[in-house]
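A.B. asks: Note that the sequence shown covers residues 33 to 365 in the working numbering. Note that beta-carbon positions come from the ideal geometry of N, C-alpha and C, so glycine has one too. Have a look at this one.
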Amino acid sequence: MIREVISVRIGMRTIKTALAATVAMAIAAALGLHYWTLAGILSMMTIATTTRATVRFAIVQSAATVFGLGLAWGLFTLIPYPAVAFGLWLLVYIALTNLVGLQDTMIGSAVLVLPLLVVQPITIAILLNQLAVLLIAALTGLVLNLFMPNLSDQISFHVASVEKELIEVLGQQANLLMAGEEGDAAKHTVWEHLSNLKQAINEGTSWTARHQDNQLFDDNEYYEAYFEMRNNQYELLRQMQLLLDERVAQMPQRQQIGRLIAALIKQDRKKNNPVPASLTAMERLQEDLSAMSLPDTREQFFQQASATAYLVFLRQMVRLKDAFDKIVASQNR
């Protein structure tokens, strides 16, 4: 006998959807509203992936429904054939809502409009009834969607991953510079860590966006700015590695640059602020490169230019982090 085990994962959104439909219908029925079951359908539609998305949907759907009910009142009163009246309502409603980007509201509005086909005459009372059903559904969905999981742990995890991979890339580049190693294996390792760094930045950015959309009144943009800064550093690291791939062994002052990066990593791990001293050391290295005798060959010119460009990118990396830290410090005063 073969046993098949089927595991069903019920997520938080599924639970909130079922609960919203139940609560909305119960409230609408308790208030004695007509077509109270529609509150369940509409509340299910309001449960979005984020709190802000739920608020946006509730506001947009409410505005579109007011228009849809008004349009239905006019068309259904003038046209005695329900099917024709509803078809014409769809044509006009979809055409007009498309003009203002509200086409996603069609289902919600149609749900509330359909009962009007069998109501004669259409009174203000029945229109207010439909609006009350919508209001109950929207508020129920909004209240339940205020309870969102805290994503801080996921964001912190990706922050740690980003910093780990960034240090790893810099450490590998320092080793390449000091050893003058041009083997494909060593370079491949650096590119693997660069790929991991980019993935961690992208995932951290995605989690941050979700976290922000779950905060109605908190616009703390620290992590958004953090991952943007790290992404800019990643682009610089890519350019730096491309330079090393071309001519690391022949790069002048490569050992001094490698030792400077190693010292930078050591200071960062100690949580000291090495920026002023590091920038001074980089400027000194750039002055040494500028003071070198003019290159005799085309290859020597490119070697010297590569070393200068590498230092420029490294300085930009350090300044990006320094500027970010200063902005954060000024905002925390």
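Leu292 to Ser184, Cα distance in whole Å?
C.D. replies: 34 Å
A.B. asks: So is Ser188 buried or exposed if we call it buried at 16+ other beta carbons inside 10 Å?
C.D. replies: exposed
A.B. asks: Whole alpha helix (DSSP H) runs in the stretch 84-157 with 4 or more residues, listed along the chain?
C.D. replies: 114-131, 138-145
A.B. asks: Helix, strand or coil, according to DSSP, for Val40 in the structure here?
C.D. replies: Note that Val40 has pLDDT 41, beneath the 50 cutoff, so the model's placement of it is unreliable and the number below is only indicative. Correct three-state label for Val40: coil.
A.B. asks: Does the beta-carbon of His225 have 16 or more other beta-carbons within 10 angstroms, so that it is buried, or is it exposed?
C.D. replies: buried
A.B. asks: Rounded to the nearest angstrom, how far is the Cβ of Ala117 from that of Leu149, given a contact under 8 Å?
C.D. replies: 7 Å
A.B. asks: Is DSSP giving Tyr67 helix, strand or coil here?
C.D. replies: coil
A.B. asks: The alpha helix (DSSP H) spanning Gln186 covers which residue range?
C.D. replies: 184-211
A.B. asks: Taking the alpha helix (DSSP H) that Asn263 belongs to, which residues open and close that run?
C.D. replies: Boundaries of the alpha helix (DSSP H) harbouring Asn263: 254-279, taken from the DSSP string.
A.B. asks: Buried or exposed: Met272, going by 16 or more other Cβ atoms within 10 Å of its Cβ?
C.D. replies: buried
A.B. asks: Is the stretch 252-268 in contact with the stretch 311-320, if contact means three or more CB pairs nearer than 8 Å?
C.D. replies: Contact fails: fewer than three Cβ-Cβ distances are below 8 Å.
A.B. asks: Report buried or exposed for Met44, applying the criterion of at least 16 other Cβ atoms within 10 angstroms of its Cβ.
C.D. replies: Under a 10 Å Cβ-count criterion, Met44 is classified as exposed, with fewer than 16 other Cβ atoms of the shown protein chains found around its own Cβ.
A.B. asks: Report yes if the CB atom of Leu123 is closer than 8 Å to the CB atom of Ile111, and no otherwise.
C.D. replies: no
A.B. asks: Taking 6 Å as the limit between beta carbons, can you name the residues of its chain near Val143, skipping five residues before and five after?
C.D. replies: Leu70, Ile73
A.B. asks: Taking all protein chains shown into account, do 16 or more other C-beta atoms lie within 10 angstroms of the C-beta of Ser39, making it buried, or fewer, making it exposed?
C.D. replies: In this predicted model, Ser39 has a pLDDT of only 39, less than 50, meaning its place in the structure is not dependable; the value taken from the coordinates is given anyway. Around the CB of Ser39, fewer than 16 other CB atoms lie within 10 Å, so the residue is classed as exposed.
A.B. asks: Within 10 Å of its beta-carbon, does Thr54 have 16 or more other beta-carbons around it, so buried, or fewer, so exposed?
C.D. replies: exposed
A.B. asks: Just to confirm, are Thr82 and Arg242 a CB contact at a threshold of 8 Å?
C.D. replies: Against a cut-off of 8 Å, the Cβ pair of Arg242 and Thr82 comes out as a contact.
A.B. asks: Which one of Thr46, Ile359, Ile139 has the shortest CA to CA distance from Gly173?
C.D. replies: Thr46
A.B. asks: On the criterion of 16 or more Cβ atoms from any shown chain inside 10 Å, does Ile34 qualify as buried, or is it exposed?
C.D. replies: Interpretation of Ile34 is limited by its pLDDT of 40, a score under 50 that renders its predicted location unreliable; no figure is taken from the coordinates.
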